[in-house]
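One structure is given here, and the rest of the page talks about it.
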Amino acid sequence: MHRFSRHVRWLIGPVMVLMFGMAQGSLTGQSEIVDQRVVLNERLFEISRGFDQAARHLASQPPDRGLSCDDRSWVNLKGVIVDLGRQIDHLSVLDDPDVQQEARIFWARSSELLELLRAETAGRLHAFGCQSHARDVKPADPATFTSHDHLSEDGLTAHKLVEDFASVQNPNPQIPYLHESLAAVRDLAAERNVNLLDASRLYVFENSRHGDGDWYVRHANDVTYVLEMLYKTSIGLPDAELPELLCGNYENVLGTLLQAMGFSTRTVYLYSDIHTGVLGHVVLEVLNPVTGNWEVHDADYNLYYVDIQTGRRASILELLTTPNLARFAPCDSKYCGWFAARGNGLFAPSALFLAGYFSAGEIPAQGIAVVNYARRARDRRFPDNDNVTFATFIQDQVRQRRGFYGLDLIELP
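So the sequence shown is numbered by the numbering used here: it starts at 827 and just counts up by one.
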């Protein structure tokens, strides 16, 4: 998982350009087409900058209120959409096939991201009666994008899971600080009035940081040491070291805590096509014993996902197989929404960056890999992966892991 996560760290700089599937390195080529690629790069950067400004303004508004019909973020967004169409038209005059392909990829990626933004904006505008601006995807309750009050299942599960926890003893006394960590999670659940699943994710997220520096190299794969430092950081001991982790480490330590409390978990490997090489991310799925549903929990970004029509927690298969990702929204500790949820703050908006991962993934515990070509181009090629297509990359991954995991590939549509 480390080799995928290192790419994610590399993306922190030119976030919005890469968010649309454009890496500056991919725009260099043979000398005879350099000028065209420079033009393409400049135009796409202008578009991404405008989109970024509109998105940042939307995210900066208090998510616990709707947007007025003339709100600047909505006006800016409309301008960005118009400009996007105009610039894509300009790209059609560029005669290099590689540039044309880059433009098509950019268009496909930006279309999906714009739909997520329009859906969320429409939800807020709808609360103010701006029917003319509403899109096809509208939440049943405008609060879906603004607070956790609508997530009724949280209220049903929080106290019951905390109550059940009272009898849990340390199942593995060989792991130092595990029992203390479980007690800290229980206290956090009671303090925040959240269930143990959310409390565990918050505990790991709030007492660590995303990174792959010296601490990561020396300790991140030592779950015992990570647990010790998470606990010492949480209570402010002088010898505490702030754990530095990447997605796979977050999933590992979160899974250790949840399994110690008796919860069933399974690891999920996700793939994104927004770079010149396939990127990877790791999340955890947890079975909520009260609802009977599997839920996605991402301790790296402090996110879970909900169906915006019902408020029900989403499973990874729902996110991977839906033809319309705007049906779902990520939630962090405070807000729900692709632009409201801030995650770990590395990206702006960080939750939106992760949208690129939810169309291809592996669930080894279920023995399946899923790729949703309704939201991915089969023929997209990746220079960093021997120039293979996305379809070939996924098929190779499944072949390599089939002997160990017994994976079967499900391709949609």
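Ideal Cβ positions, reconstructed from N, Cα and C, are used throughout, including at glycine.
query	result
According to DSSP, Y1131 sits in a beta bridge with which residue or residues?	P1156
Is it the case that the Cβ atoms of V1112 and L1235 are separated by a distance below 7 Å?	no
Measure the CB-CB distance between N1033 and T1050 and report whether it falls below 7 Å.	no
Based on Cα-Cα distance, which residue from R1206, A1009 and T1218 lies nearest to M1087?	A1009
With respect to the beta strand (DSSP E) encompassing Y1097, which residues constitute its N-terminal and C-terminal limits?	T1091 to S1098
Please say whether F1184 and L1233 have beta carbons closer to each other than 7 Å?	no
Quick check for students: name the residue ranges of the beta strand (DSSP E) that lie wholly in the segment 1187-1215, counting only runs of 3 or more.	1194-1198
Give me the Cα-Cα distance between D962 and L942, rounded to the nearest whole angstrom.	Note that D962 scores a pLDDT of 30, beneath 50, so its modelled location is shaky and nothing firm can be said.
For V824, does the three-state DSSP call read helix, strand or coil?	There is no way to answer for residue 824, as the model of the chain reaches only from 827 to 1239.
Hey, could you find the ends of the beta strand (DSSP E) D1048 is sitting in?	Run containing D1048: none; DSSP gives neither H nor E here.
Between L1143, T1147, Y1130 and F1154, which lies nearest to T1136 when the distance is taken from Cα to Cα?	F1154
Roughly how many angstroms lie between the CA atoms of S1159 and A1217, to the nearest whole one?	36 Å
So, helix, strand or coil for E1144, using DSSP?	helix
Between the segment 1206-1225 and the segment 1126-1133, can you find at least three pairs of beta-carbon atoms closer than 8 Å?	no
Does DSSP classify V1079 as helix, strand or coil?	helix
Taking the DSSP output, what are the residues bridged to C1073?	C1073 is not bridged to any residue.
Tell me where the beta strand (DSSP E) around E1121 begins and ends.	N1119 to D1124
Which two residues bound the contiguous beta strand (DSSP E) that contains E1237?	D1234 to L1238
Using alpha carbons as the reference points, say which of V1108, Q1085 and H1107 lies closest to P1115.	Q1085
Is G1103 near N1213, with beta carbons less than 7 Å apart?	no
Would the beta-carbon of P1069 fall within 7 Å of that of V1043?	no
Could you tell me which residues DSSP puts in a beta bridge with N1114?	N1119
Using 6 Å as the cut-off, classify the Cβ of Y1127 as near or not near the heavy atoms of the ligand ADP, replying yes or no.	The ligand ADP is absent from the structure shown, which contains no ligand whatsoever.
Please classify G1062 as buried or exposed, where buried requires at least 16 neighbouring CB atoms within 10 angstroms.	exposed
What distance in whole Å lies between the Cβ atoms of G1074 and V1108, which are believed to be in contact at a cut-off of 8 Å?	5 Å
CA-CA distance, V1011 and R1018?	10 Å
Could you tell me whether the Cβ of N1114 comes closer than 7 Å to any Cβ of chain D?	In the displayed structure, chain D is absent; only one protein chain is listed.
In angstroms with no decimal places, state the Cα-to-Cα distance between L1145 and P1064.	42 Å
Considering only their Cβ atoms, is the gap separating T1091 from L1071 smaller than 7 Å?	no
Check for me: the alpha helix (DSSP H) holding F1031 runs from which residue to which?	L1022 to E1032
From this set, R1227, G1187, I1001 and L1014, which residue's C-alpha is nearest G1106's C-alpha?	G1187
When we look at the beta-carbon of T1117 and count the other beta-carbons within 10 Å, is it buried (16 or more) or exposed?	exposed
Which of helix, strand or coil does DSSP assign to R1138?	coil
Keeping to the same chain, check which residues put their C-beta closer than 7 Å to that of R1027; ignore five residues upstream and five downstream.	L1080, H1123, A1125 and N1128
Whose C-alpha, out of T1093, Y1097 and D1099, is nearest the C-alpha of W1120?	T1093
Are Y1003 and Y1076 touching if we call contact CB-CB under 7 Å?	no
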